[in-house]
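Chemist: Residue 0 is where the sequence shown starts when you use the working numbering, and the numbers rise one by one after that.
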Amino acid sequence: MTEHSGVVRPKAIVIGAGGGLGHAVIAELMSTERYTVHAVSRKPVNALVDRSWECDYEDDSIARIAQAISAEPGSLSRLIICNGVLHGESFRPERSIKHLNRHSMLHVLETNTVVPMLWLAAFTTAIKNADELRIAVFSARVGSLTDNGLGGWCSYRASKAALNMSLKCAAIEYARLNKNTKLIAFHPGTTDTAMSKPFQKGVPEGKLFEPSFVAHRLITLLDAIASDGELTYIDWDGKTIPW
Ligand SMILES: NC(=O)c1ccc[n+]([C@@H]2O[C@H](COP(=O)([O-])OP(=O)(O)OC[C@H]3O[C@@H](n4cnc5c(N)ncnc54)[C@H](OP(=O)(O)O)[C@@H]3O)[C@@H](O)[C@H]2O)c1
């Protein structure tokens with residue numbers, strides 16, 4: 000609901016809302032009753048949400064939907080971008096660089112790096128005009144160069160490392176554009192969604208999280224974190240991840 004006792008609620012936007020974590024983030028935001036929650040996905044979102052937008056993530060649709068959401072009442076307060084792909088019908092994460100395939104690698108880079116950044120670009124004016132904005136983009140610990148002791152998963156790792164660098168550029172601009180904005184690159188931990196399904200066997204007991212647990216952690220972290228003009232690379236536990 001946009002209006003509650005005559006008060007316009009701030010907006011929370013979830014991009015990539017159709018995934019396991021996207022769904023859980025919507026549920027968590029709705030449960031706070033603090034926001035008008037907008038969900039963007041390739042398909043109609045099967046969740047209780049205030050506004051649902053279908054998007055093919057092409058340039059025109061991103062621009063049109065960002066403009067339409069920005070024109071809705073309420074200032075932008077939470078922007079959470081969940082898009083990411085690790086495997087698909089015709090590809091899996093590479094065990095070795097000899098398995099690299101141009102088409103798959105470009106698909107992973109486009110989904111994990113380019114699409115999230117295009118959304119941030121499309122919301123530039125809304126970000127500039129926001130009162131107290133918290134932005135979270137789902138990254139992954141495997142995007143850390145420091146943390147990479149094993150190799151493998153080259154495309155996915157590269158896409159998240161490139162995402163982190165792109166977010167760093169955005170954070171520098173936001174520090175000038177709107178000092179009340181905070182941007183985080185978020186690692187959810189291994190979470191029980193379609194993405195992690197083929198890789199859950201080796202996950203230690205207690206280390207495979209429910210999406211609802213992670214969503215609660217994320218929204219709590221966003222409520223607590225201060226705007227300092229920096230990009231923070233942080234996990235579900237609030238711990239900083241080395242670049
Ligand atoms: N699950 C984990 O263990 C884990 C661990 C580390 C990081 N992450 C990150 O967390 C985020 C959410 O993942 P999840 O676990 O919720 O996975 P998921 O259930 O597979 O959700 C996939 C997400 O990626 C989007 N997506 C898929 N294909 C796309 C395409 N071709 N173009 C644009 N968007 C596409 C979906 O958006 P639509 O709503 O439009 O379908 C959805 O938001 C991802 O960025 C992932 O890398 C997950």
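Ideal Cβ placement from N, Cα and C applies to all residues, glycine included. As the structure is a computational prediction, the values presented were derived from the model and not from experiment.
Is it the case that the CB of Cys81 approaches a heavy atom of ligand 1 more closely than 7 Å?
Modeler: Yes, ligand 1 has a heavy atom inside 7 Å of this Cβ.
Chemist: Could you give the distance in angstroms between the alpha-carbon of Met0 and the alpha-carbon of His22?
Modeler: Note that Met0 scores a pLDDT of 46, beneath 50, so its modelled location is shaky; the value from the coordinates is reported in the next line. Their Cα atoms are separated by approximately 18 Å.
Chemist: Any heavy atom of ligand 1 within a distance shorter than 7 Å of the CB on Lys42?
Modeler: Flag set: Cβ of Lys42 near ligand 1.
Chemist: So is the beta-carbon of Ala139 under 7 Å away from any non-hydrogen atom of ligand 1?
Modeler: Flag set: Cβ of Ala139 near ligand 1.
Chemist: What are the start and end residues of each continuous beta strand (DSSP E) run of 3 or more residues lying completely inside the region 61-138, in chain order?
Modeler: Runs found: 75-80, 132-137.
Chemist: Determine, using beta-carbon pairs with one atom in the region 69-77 and one in the region 101-114, whether at least three such pairs fall under 8 Å.
Modeler: No, they do not touch.
Chemist: Heavy atom of ligand 1 less than 7 Å from the Cβ of Asn100, yes or no?
Modeler: Asn100: no, Cβ never under 7 Å from ligand 1.
Chemist: Are the CB atoms of Phe185 and Ala135 within a distance shorter than 8 Å?
Modeler: Yes. Within cutoff.
Chemist: Less than 8 Å between the C-beta atoms of Arg133 and Leu221, yes or no?
Modeler: Going by C-beta atoms, Arg133 is nearer than 8 Å to Leu221.
Chemist: For Val141 and Arg175, what's the separation of their Cα atoms in angstroms?
Modeler: Those two C-alpha atoms are separated by around 30 Å.
Chemist: Within 10 angstroms of its Cβ, does Thr189 collect 16 or more other Cβ (buried), or is it exposed?
Modeler: Buried: at least 16 other Cβ atoms inside 10 Å.
Chemist: Can you say whether Ala65 is buried or exposed, counting buried as having 16 or more other CB atoms within 10 angstroms of its CB?
Modeler: Ala65 comes out buried.
Chemist: In chain order, what residues of the same chain have a beta carbon less than 8 Å from the beta carbon of Asp191, not counting five sequence neighbours either side?
Modeler: The answer, listed in chain order, is Gly19, Gln199, Leu207, Phe208, Glu209, Pro210.
Chemist: How would you write the range of the beta strand (DSSP E) that Thr35 sits in, first residue to last?
Modeler: Start and end: 35-40.
Chemist: Just the C-alpha distance for Ser69 and Ala120, rounded to the nearest angstrom, thanks.
Modeler: Taking the straight line from one Cα to the other gives about 13 Å.
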